[in-house]
Amino acid sequence: MGWLGPAEIEALRLSLRVSFWATIVSLPLGIFVAYALARWRFPGRHVLNGLVHLPLILPPVVTGYLLLLTFNVQAPVGRVLADLGVVVAFRWTGAALAAGIMAFPLMVRAIRLSIEAVDPKLEQAGATLGASQPFVFVTVTLPMILPGIIAGAILAFAKAMGEFGATITFVSNIPGQTQTLPSAVYAFLQVPGGESAAMRLVIISIVIAMGALLLSEYVGRRAAARVAGT
Numbered sequence: 001m002g003w004l005g006p007a008e009i010e011a012l013r014l015s016l017r018v019s020f021w022a023t024i025v026s027l028p029l030g031i032f033v034a035y036a037l038a039r040w041r042f043p044g045r046h047v048l049n050g051l052v053h054l055p056l057i058l059p060p061v062v063t064g065y066l067l068l069l070t071f072n073v074q075a076p077v078g079r080v081l082a083d084l085g086v087v088v089a090f091r092w093t094g095a096a097l098a099a100g101i102m103a104f105p106l107m108v109r110a111i112r113l114s115i116e117a118v119d120p121k122l123e124q125a126g127a128t129l130g131a132s133q134p135f136v137f138v139t140v141t142l143p144m145i146l147p148g149i150i151a152g153a154i155l156a157f158a159k160a161m162g163e164f165g166a167t168i169t170f171v172s173n174i175p176g177q178t179q180t181l182p183s184a185v186y187a188f189l190q191v192p193g194g195e196s197a198a199m200r201l202v203i204i205s206i207v208i209a210m211g212a213l214l215l216s217e218y219v220g221r222r223a224a225a226r227v228a229g230t
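In this text, residue positions in the sequence shown follow UniProt numbering: the first is 1, and each later residue adds one.
Quick look at the structure:
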């Protein structure tokens, strides 16, 4: 990466770190929520579905501001976490939290569609043989929806890489600490002569986004073919 400057490399490294942890930490919850929305009927299901997709509708700045209100060290939640030694506001961990929340709807949607494509009769057959629901999920459902999980994780990772509004509102734009790729592009465009550095980061962002979309489409097609062949 000799064509990138130190600040650009640091922004790319931080973006990869933030996106990785945003995806990994949110993935178990994403699978659980997707399964609940696809298979269970319970009071408040539509409310949960609305809450999951709310970050797609709200302006990202609003989401970031709500996170700041909730997790700053003066707020009840933020104060409790600070007493435990966990501070997320104006930290890279906060950037991961904001990115994970913004990417969560895409992850859940991809996994949910994959679950809904699985014939419930296959799961019911396992249950009639005396297997518990968790065992049926692990041995029957999970292998069939694994491509959907991978596709959802890829989309979430790409979305986290491109998150800007919620992140900059919640954790600011601190070089080396919270300055991700989009924040670095914004910062470079604010200074004279920064256009070339901004363009290099834009190219990297486009390559990552297109690669993620193509890979997600490929995995999605494989998933559909696999389910159709069962």
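Beta carbons are placed, not taken as given, at the ideal position from N, Cα and C, and that holds for glycine.
Fair warning: this is a prediction, and the values are worked out from it, not measured in the lab.
(message) Using a 10 Å radius around the Cβ and a threshold of 16 neighbouring Cβ atoms, would you call G152 buried or exposed?
(response) It counts as buried.
(message) Under 8 Å, Cβ to Cβ, is there at least one residue of chain C near M210?
(response) Protein chains in the displayed structure number just one, and chain C is not present.
(message) Am I right that S99 and S19 are in contact with their C-beta atoms under 8 Å? What's the rounded C-beta distance?
(response) A small correction: the amino acid at residue 99 is Ala; Ser does not occupy that position in the sequence shown. Confirmed, about 6 Å.
(request) Assuming T63 contacts M102 (C-beta within less than 8 Å), just tell me the rounded distance between them. (result) With 8 Å as the limit, T63 and M102 qualify as a contact, their Cβ atoms being about 7 Å apart.
(request) Give every residue of the same chain whose Cβ lies closer than 7 Å to the Cβ of E8, excluding the five residues on either side of it in the sequence, and list them in chain order. (result) A distance below 7 Å between beta-carbons, with the five flanking residues on each side excluded, links E8 to the following residues of its chain, in chain order: A184, A197, R200 and L201.
(message) For a quick check, are the C-beta atoms of F170 and L68 less than 8 Å apart?
(response) Closer than 8 Å, so yes.
(message) Suppose only complete runs of 3+ residues qualify. What are the beta strand (DSSP E) ranges in the segment 87-168, listed by chain order?
(response) Within the segment 87-168, no run of beta strand (DSSP E) at least 3 residues long lies entirely inside it.
(message) Distance check for A166 and V191, CA to CA, integer angstroms please.
(response) Looking at the two C-alpha atoms, the distance is approximately 23 Å.
(message) Just to confirm my understanding: we take Q133, look at its own chain, exclude 5 residues before and 5 after, and list those with CB closer than 8 Å. What are they?
(response) For Q133, where only same-chain residues beyond five positions count, the Cβ hits under 8 Å are A127.
(request) Would you decide whether V189 is buried or exposed? Buried here means 16 or more other CB atoms lie within 10 Å of its CB. (result) Per the sequence shown, the amino acid found at residue 189 is Leu instead of Val. That one is exposed.
(request) Using beta-carbon positions only, say whether A96 and V73 come within less than 8 Å of one another. (result) Remark: C-beta atoms of A96 and V73 do not approach each other more closely than 8 Å.
(request) For W92, count neighbouring Cβ atoms within 10 angstroms of its own Cβ and tell me buried if that reaches 16, exposed if not. (result) Under this definition W92 is a buried residue.
(request) Consult DSSP for T180 and reduce its assignment to one of helix, strand or coil. (result) Looking at T180 - three-state DSSP - the assignment turns out to be coil, as it is neither helix nor strand.
(message) Once DSSP output is grouped into helix, strand and coil, what is the label at S196?
(response) Reduced to three states, the DSSP call for S196 is helix.
(message) Please report the distance separating the alpha-carbon of R221 from that of R79.
(response) C-alpha of R221 to C-alpha of R79: approximately 46 Å in a straight line.
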